[in-house]
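Participant: In UniProt numbering, the protein residues as written are 1 to 950.
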Amino acid sequence: MAQVSKFGHLLLHSSLPKPSNSNIQFRSLLTLLASSSKRHRSIPPFRRKSTTPKPMEVKEESSSFNKRRAQGRDKNDISQKNLYLKVRKLNPINTISFVQILGTGMDTQDTSPSVLLFFDNQRFIFNAGEGLQRFCTEHKIKLSKIDHIFLSRVCSETAGGLPGLLLTLAGMGEDGMSVNIWGPSDLKYLVDAMRSFIPNAAMVHTKSFGPIFNTDGPIVPHQSKLLDPIVLIDGEVVKISAIILQPNCIEGQVLTPSESSSQERMDHSPETLDSPNGKKLPAAKPGDMSVVYVCELPEIKGKFDPEKAKALGLRPGPKYRELQLGNSVKSDHQNIMVHPSDVLGPSVPGPIVLLVDCPTESHLEALLSMQSLASYCDQTDNLPEAGKSVTCVIHLTPASVVSCSNYQKWMKKFGSAQHIMAGHEKKNVEIPILKASARIATRLNYLCPQFFPAPGLWSLPNHDSSKFGCLASREDSLSEFSEVISAENLLKFTLRPYAQLGLDRSCIPTRADSSEIIDELLSEIPEVLEAVKHVSQLWQECSQTKEDLTPVADHGMMNEEPWLCANGIPACLENIRRDDLEIVLLGTGSSQPSKYRNVSSIYINLFSRGGLLLDCGEGTLGQLKRRYGVTGADDAVRTLRCIWISHIHADHHTGLARILALRRDLLRGVPHEPVLVVGPRQLKRYLDAYQRLEDLDMLFLDCKHTTAASLEAFEDDFPGNSVNSQNLKNNNGDLIASKVNSTLFARGSLMQSYFKRPGSPVDKDVVSPILKKFKGVIQEAGLKALISFPVVHCPQAFGVVLKAEERTNSVGKVIPGWKIVYSGDTRPCPELIEASRGATVLIHEATFEDAMVEEAIARNHSTTNEAIKMGQSANAYRTILTHFSQRYPKIPVFDETHMHKTCIAFDMMSVNVADLSVLPKVLPYLKLLFRNEMMVDESDDVVEAVTSAS
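1) How about Val99: is its Cβ closer than 6 Å to a heavy atom in the ligand FMN?
2) Using only the alpha-carbon positions, how far apart do His534 and Pro924 sit?
3) How is Thr863 classed by DSSP in three states: helix, strand or coil?
4) From which residue to which residue does the beta strand (DSSP E) around Ala441 run?
5) Tell me whether Met870 sits in a helix, a strand or coil according to DSSP, three-state version.
6) From Ala422, Pro570 and His652, pick the residue whose C-alpha is nearest to that of Val356; which is it?
7) Whose C-alpha, out of Cys829, Asn605 and Ala636, is nearest the C-alpha of Leu802?
8) Taking Ser810 as the reference, which of Ile125, Glu834, Asn575 and Thr631 has the closest Cα?
9) So, helix, strand or coil for Phe930, using DSSP?
10) Would you list the one or two residues that DSSP bridges to Cys642?
11) Thinking Leu368 and Trp410 are a contact (beta carbons under 8 Å), I'd like their distance in whole angstroms, please.
12) Pull up the DSSP beta-bridge partners for Asp234, would you.
13) Between Gly587 and Gly632, is the Cβ-Cβ spacing less than 7 Å?
14) Measure how close the beta-carbons of Ser178 and Val584 come, nearest whole angstrom, since I'm counting them as under 8 Å.
15) DSSP state of Tyr376, grouped into three classes?
16) Whole angstroms are fine: how far does the CA of Tyr686 sit from the CA of Val599?
17) Considering only C-alpha positions, which residue in the set Phe493, Ser514 and His395 is nearest to Ile431?
18) Helix, strand or coil for Pro184? Go by DSSP, reduced to three states.
19) In the structure shown, what three-state DSSP assignment does Thr397 receive?
20) By Cβ distance below 6 Å, which residues in the same chain neighbour Ala867 in space, the five residues on each side in sequence not counted?
21) Span of the beta strand (DSSP E) holding Gly587?
22) Given this structure, state the Cα-to-Cα distance separating Ala309 from Pro298, to the nearest angstrom.
23) Could you check the C-alpha separation between Gly287 and Leu151 for me, to the nearest Å?
24) In its own chain, which residues sit with a C-beta less than 6 Å from the C-beta of Asp378, not counting the 5 before and 5 after it?
25) Taking Asn875 as the reference, which of Asp895, Ser885, Thr863 and His900 has the closest Cα?
26) Over the uninterrupted alpha helix (DSSP H) stretch that includes Ser156, give me the two end residues.
27) Report all residues from its chain with a CB closer than 7 Å to the CB of Cys404; omit the five preceding and five following residues, and keep chain order.
28) Please state the DSSP three-state secondary structure of Gln133.
29) Under a three-way DSSP split, which group does His653 fall into?
30) Output the distance between the C-alpha atoms of Tyr628 and Ala159, rounded to the nearest integer angstrom.
31) What are the partner residues of Val348, as DSSP defines its beta bridges?
32) Of all the options Ser341, Gln334 and Ile336, which has the alpha carbon lying nearest to the alpha carbon of Asn327?
33) Of the choices Arg663, Ile352, Pro211 and Lys819, whose alpha-carbon is the least far from that of Thr840?
34) Rank Asn865, Leu916 and Asp915 by C-alpha distance to the C-alpha of His898 and give the top, closest one.
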């Protein structure tokens, strides 16, 4: 038998401040828009009172910020909560129980679906891929009711949603919430990795089972012992057991018995279920283990027959109750013992559900050799144990394995069970899982298709029908099974009441017809029809303006202000091509995903030259697939040149592992270079720990090595386009390291991201070749520079500048390249103004409305007005506001007075560089679209989290 251990006490944090009332007043291009501009934003009464802690340091308003937070020493960030697991009053005879498919990733094929096991007073979830939290918000599944989460594997596909989910639970209510996390022993590596960016606030109860990976010894538990069921939960309502699937053919690290030291177990004493003796066997590596979960509900006792009890000499009374509870009693009138079987009808066996995740054919070999499920199989030559027949089998196994004849042979052992195939069913791509955001996307596409192209998934059913050939052939091969169906989002299998045992399709959503959504919009806001015509005219006027554009002839004037032509249009936009640059705002919300906005991510589409990601919050891959379609998103991931991460907060990078894992799989067997990840040094600790689970095929470069000062320091000593690592070993190495460190985050500088301690010296042998790679990647992408700069938010927070190479037009004129600046999360600061000087586009965070400046200072974020002023101070041609608090679910509160160069970002907004002149002119029409939807519309869980964090 194997062992279960408890490790955890992972500290978490979630922060969201409170809103306040504000008027929205616009200068409108149309009279019909002006009427909607003066509406007051409706805010629930409980949000009116502000309880934001005062910042530790407030100087003049233009540069106020929370110094302690920037240094990572803000006590307000450290929650005093001590979260305990919920204790619920359970009813063993549940009136309602079912399993339900939670269709995360079903429409985008980016992550594994989750499965909900529901009881009256308890909830269990199997797998927590990216988007689970957003899915639960959309479908009103209360996170606060979840007691246990089980992982069938520990990888980005099944666990990518855990960090965000845990942070949200920690922030709920006054006391926060906690949950049990169960998984095979390699769950330890995931928790170790998460500790690098989830440092404070709540306790997480994490429990692992199975063998421990260790390089110190060659011992591994006997393989037959690993296949024995490990009982995880044995309660009144359900018994849940786990059976480890471990491929036999993989060589790598070795396993040791679970009696590893408490230090190796994250300094927590393990809960031992059994400790087997071991012997040498072929070893696996972390991330290879998979789990079959067995969920057994208790039997339902037969109906009590009072006539039989009376005939056996029993008087009505307490003895009737004892018999119903399963206890024998003595007859009142006869000298006999009366047993429950004498007076109760036949018991109804409790339903049994299997969840099977067999990811590879190597795991299939282990599944076929498994003897521990024999007692659950249908009757054959060997009779199964009485009452142990499986009711439902949910297959999370991918189609490539299900199509194997051996897997189907194994399925036949459970021929009487209902088989639900949930391993990336492509039939579901037509139906959006997040219907609320899909509805918004449809409306935006109708109003302004230039900035909001039709989602790539819409075109899937109409082309490339060969893509679904694999699915069709698999369904043909399973046709001999009478009880096999493909999973659909929110499909239920009822377990209790017994009379309703079986499939329930009543909750399955239907495909939303875009014409119905538009008809609803026009009925609700008839003026939109005219607005569509006005938006179309904007592009016609833009085309005319480009034809009339007179290039600046005075080259001296261009040297003075090279970014502007005489008519105010940047020189870099002269004769710009549409395949030069597209900015795709994949996620425009902050802190946690909501129904309408995902967390931070920006895709810089350079077309034939590849692309870059600026930040990569949870769900980034799913958003890419919604924008470009499944195949188009795969191409975008395959051609990624670089991923740049601004800081260590979870909403900016927890989608990174999933992107990297997909790229690794897409390029397997193809000659390629590892992708470059540029980020703060804490991120490297996370990635290094995570790579013990699965190879991410990437190179890491600290943001501090990509600042202007650092790049200049290395360039001074090693001029040219390449850096020779051997040269860094000369006597100037220490001088270079000193120069780099002295120019970064200087102590005493008001607007720097502070360190608690001086930075470590540059590892010259490591950094030099990666810098060489970095420069090559930038050049291949057609960029002149990618430069990070420190901002004021938290330790090691950065913004970034992207500069395109100059180009020459048909008459030999040199045209300067465009310049894109992304602020990351920050307070207004001189570094950002200087970096943004003359930017073509400044993408600036605007977390709070103007009335919440105190909250913005306390949390080192910016208000909308501050972001606009930053763009004005830097003379940026266009400013795009993003990273809005989730208290503004659809459109943020802002003042249109100074918005003539500014626009509000929405998820999936795609801004082509050729359309920048039109960008601010679209804003009033976007506001019209949301004039009736200015109220908070989120689930109770999100509201609770927002209120608590405030």
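The beta-carbon is built from N, C-alpha and C at its ideal position, and this holds for glycine as well. Just so you know, these numbers come straight off a predicted model, no measurement behind them.
Facilitator: On the basis of the supplied data:
1) Ligands displayed in this structure: none; no statement on the ligand FMN is therefore possible.
2) 11 Å
3) strand
4) Unbroken run through Ala441 is the alpha helix (DSSP H), Lys435 to Leu447; no beta strand (DSSP E).
5) helix
6) Ala422
7) Asn605
8) Asn575
9) coil
10) Leu612 and Leu676
11) 6 Å
12) Lys239
13) no
14) Contact doesn't hold; Cβ gap of about 37 Å is too wide.
15) helix
16) 19 Å
17) Ser514
18) strand
19) coil
20) His844, Ala846 and Leu881
21) Glu582 to Gly587
22) 25 Å
23) 12 Å
24) Gly415 and Ser416
25) His900
26) Ser156 to Ala159
27) Glu361 and Leu364
28) helix
29) coil
30) 24 Å
31) Ile300
32) Ser341
33) Lys819
34) Asn865
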